[in-house]
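*Asks:* Residue numbers (our numbering), protein chains in the order written: chain X, 5 to 204; chain Z, 2 to 198.
One structure follows; several queries about it will come next.
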Amino acid sequence: MAPSLDLINLPDADLVALAQQGREAAYREILRRYERPVFSLIFRMVRDRETAEDLAQDSFIKVLNHIDRYRPEFKLSSWLFKIANNVAIDHLRKRHVDTISMDGSPHARTVSEIEATTIEIAAKQETALEEMENKELGSAIERAIAQLRPEYRACIMLRHVEGRSYEEIATTLDLPLGTVKTYIHRARHQLRDALESTRG
Amino acid sequence: MEHQHLLPDQFEEVLDNDEAQDVTSALREHLDACPECRAELATRSALARALDQLPYHGPAPLFGYRVMSQVQVFEPWHVALRDSVRRLVPRTRPARWIAGITAVTMATLLTFVGVWAALNTQSAWLFAEVGVKRVLAGLLGSIRAVLETAFGRDALNAIEGTGTMGTAIAASIVVGVFLVAIIGFRVAALASRRRRS
């Protein structure tokens with residue numbers, strides 16, 4: 005899967021234009037460029053490697069099979085992350101884990117609604133498998149991220165791992181700018197609390 | 002602000018605007034004067050830095066191949082045509098010269114033939130008629146061969162015995178069956194593609 009040197013240096017917009025002309029090498033380069041960021045985002049959302057691979061695969065298939073629908077006024081990466089996030093959120097909703105029991109109603113649309121429907125639990129009970137997954141994730145901060153609401157996780161990943169601005173995150177996740185700011189601020193606050201309780 | 006510590010949202014504001022140096026002077030002044038808030042900001046900054054340094058996780062090595070095996074690379078017709086034409090163009094300069102000269106010669110020849118045909122319509126018409134007759138004869142021969150292969154010699158004789166109309170109906174049925182088969186394959190392929198996407 006070694007891409008040609010020309011494609012490596014091409015900006016995303018040109019790469020998509022080549023893919024739209026049916027160049028398979030451009031498809032492969034898009035995949036090579038974004039497989040790790042997209043997989044990381046989904047992995048941190050669903051916390052299971054096998055599921056994350058399946059969902060990342062679904063995301064790429066959706067994007068690459070509909071590359072002709074790409075609108076150049078948006079960033080390719082934003083489009084990819086949007087689809088990856090939607091796929092991950094859909095999966096979490098279907099699985100019905102976390103979202104109702106701890107993180108509030110899945111129908112909650114505003115921060116206040118989320119908080120009103122959230123059930124406070126002092127310490128999350130983890131199965132042996134989850135504990136193993138946590139060890140695999142490797143660090144306290146990863147474990148703390150795993151305890152966040154999925155929406156918070158997506159925002160934090162896009163902000164810190166991908167270095168996106170609040171505006172870009174709002175566009176990518178189809179959320180109001182104020183909501184994105186609130187999610188990120190609260191996520192950082194919860195992370196800090198989680199890390200402090202780990203240390204304590 | 003001097004005696005009141007920064008609120009959580011104000012810390013976030015400082016963190017978010019740190020790089021842009023766009024933080025309000027009142028917050029900055031308070032931070033300069035308040036060791037507690039400075040310590041709190043340092044803790045929050047450390048968390049933000051730790052988050053910035055989170056590594057990527059990678060999928061399995063064959064992930065890319067698995068994805069590509071389910072992606073249908075679609076080449077638009079105009080690109081396929083352009084590529085086909087490009088493939089016909091020789092790569093070396095001498096070969097390109099030879100191909101160019103040949104193309105110009107052929108174009109000139111065809112132009113002369115066209116002009117001659119326009120000026121000598123009767124002769125051109127005669128040649129065209131002969132040409133059309135030969136093409137029709139060839140076409141009918143092919144249809145006969147197909148019918149003979151499909152139904153056998155005896156059936157062909159029986160069909161020919163029914164006259165021109167019978168032969169035409171039989172030929173239409175064969176062509177119709179071929180068309181239905183092609184459309185059927187295409188519908189099945191499209192349905193399969195939709196299911197996969």
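Idealized CB from N, CA, C, for every residue including glycine.
Ser-109 of chain X by DSSP, collapsed to three states: which one?
*Replies:* At Ser-109 of chain X, the pLDDT of 48 sits below 50, so the modelled position is not reliable; the number obtained from the coordinates is stated separately. DSSP places Ser-109 of chain X in coil when its eight states are reduced to three.
*Asks:* Could you please give the first and the last residue of the uninterrupted alpha helix (DSSP H) stretch that includes Tyr-66 of chain Z?
*Replies:* 64-69
*Asks:* From Trp-117 of chain Z to Gly-101 of chain Z, what distance separates their C-alpha atoms?
*Replies:* Inter-residue distance for Trp-117 of chain Z and Gly-101 of chain Z is about 24 Å (C-alpha atoms, whole angstroms).
*Asks:* For the alpha helix (DSSP H) that contains Glu-57 of chain X, what are its first and last residues?
*Replies:* 53-69
*Asks:* What number of angstroms, rounded off, separates the C-alpha of Glu-39 of chain X from the C-alpha of Arg-51 of chain X?
*Replies:* Roughly 17 Å between the two C-alpha positions.
*Asks:* Taking only three categories from DSSP, how would you classify Lys-79 of chain X?
*Replies:* coil
*Asks:* Which residues, in chain order, does the segment 56-78 of chain Z contribute to contact with chain X at a C-beta distance below 9 Å?
*Replies:* Pro-56, Tyr-57, His-58, Gly-59, Pro-60, Ala-61, Phe-64, Gly-65, Tyr-66, Arg-67, Val-68, Met-69, Gln-71, Val-72, Gln-73, Val-74, Phe-75, Glu-76, Pro-77
*Asks:* Examine chain X for any beta-carbon lying closer than 8 Å to the beta-carbon of Pro-9 of chain Z, and answer yes or no.
*Replies:* yes
*Asks:* Within 10 angstroms of its Cβ, does Phe-43 of chain X collect 16 or more other Cβ (buried), or is it exposed?
*Replies:* Buried, by the Cβ-count rule.
*Asks:* Confirm, please, whether the CB-CB distance from Pro-154 of chain X to Ile-93 of chain X is below 8 Å.
*Replies:* yes
*Asks:* Round the Cβ separation of Glu-171 of chain X and Leu-181 of chain X to the nearest angstrom and send it over; I've been treating them as touching at under 8 Å.
*Replies:* 6 Å
*Asks:* Give the secondary structure of Lys-143 of chain X by DSSP, where H, G and I count as helix, E and B as strand, and everything else as coil.
*Replies:* The amino acid at residue 143 of chain X is misidentified as Lys; the sequence shows Ser. DSSP places Ser-143 of chain X in the coil class of the three-state scheme, outside both helix and strand.
*Asks:* Pick out whichever of X:Gln-151, X:Thr-55, X:Glu-54 has its Cα sitting closest to the Cα of Ser-201 of chain X.
*Replies:* X:Gln-151
*Asks:* Hey, how far is the Cα of Arg-45 of chain Z from the Cα of Leu-16 of chain Z?
*Replies:* Those two C-alpha atoms are separated by around 8 Å.
*Asks:* So the alpha helix (DSSP H) Gly-142 of chain Z belongs to, where does it begin and stop?
*Replies:* 122-152
*Asks:* Does DSSP put Asn-177 of chain Z in a helix, a strand or coil?
*Replies:* Note on residue identity: the sequence assigns Gly, not Asn, to residue 177 of chain Z. Note: Gly-177 of chain Z maps to helix in three-state DSSP.
*Asks:* Can you tell me whether Tyr-187 of chain X is buried or exposed? The criterion is at least 16 other CB atoms within 10 Å of its CB, across all chains shown.
*Replies:* buried
*Asks:* Enumerate in chain order the residues of its own chain whose CB-to-CB distance from Cys-38 of chain Z is below 7 Å, with the five nearest sequence positions on each side excluded.
*Replies:* His-6, Leu-7, His-31, Leu-32, listed in sequence order.
*Asks:* Taking the alpha helix (DSSP H) that Glu-13 of chain Z belongs to, which residues open and close that run?
*Replies:* Residue range 9-18 is occupied by the alpha helix (DSSP H) that includes Glu-13 of chain Z.
*Asks:* Do we get a CB-CB distance below 8 Å when we pair Glu-13 of chain Z with the residues of chain A?
*Replies:* The displayed structure is made up of protein chains X and Z, and chain A is not among them.
*Asks:* I'd like the span of the alpha helix (DSSP H) that includes Tyr-31 of chain X, first residue to last.
*Replies:* Start and end: 28-50.
*Asks:* DSSP three-state call for His-58 of chain Z: helix, strand or coil?
*Replies:* coil
*Asks:* Could you tell me whether the Cβ of Ile-12 of chain X comes closer than 8 Å to any Cβ of chain Z?
*Replies:* no
*Asks:* Hey, is Arg-37 of chain X's beta-carbon within less than 8 Å of any beta-carbon in chain Z?
*Replies:* no
*Asks:* Which chain Z residues sit within Cβ distance under 7 Å of Ser-201 of chain X?
*Replies:* The premise fails here: Ser-201 of chain X is roughly 14 Å from chain Z at the closest Cβ pair, so nothing lies under 7 Å.
*Asks:* Using a beta-carbon distance cut-off of less than 7 Å, what residues from the segment 155-187 of chain X approach chain Z?
*Replies:* Ile-160, His-164, Val-165
*Asks:* Classify Met-49 of chain X: buried if its beta carbon has 16 or more other beta carbons within 10 angstroms, exposed otherwise.
*Replies:* buried
*Asks:* Could you give the DSSP three-state label for Thr-186 of chain X: helix, strand or coil?
*Replies:* Note: Thr-186 of chain X maps to helix in three-state DSSP.
*Asks:* Are the segment 42-61 of chain Z and the segment 13-20 of chain X touching by the rule of at least three beta carbon pairs closer than 8 Å?
*Replies:* No contact exists between the segment 42-61 of chain Z and the segment 13-20 of chain X.
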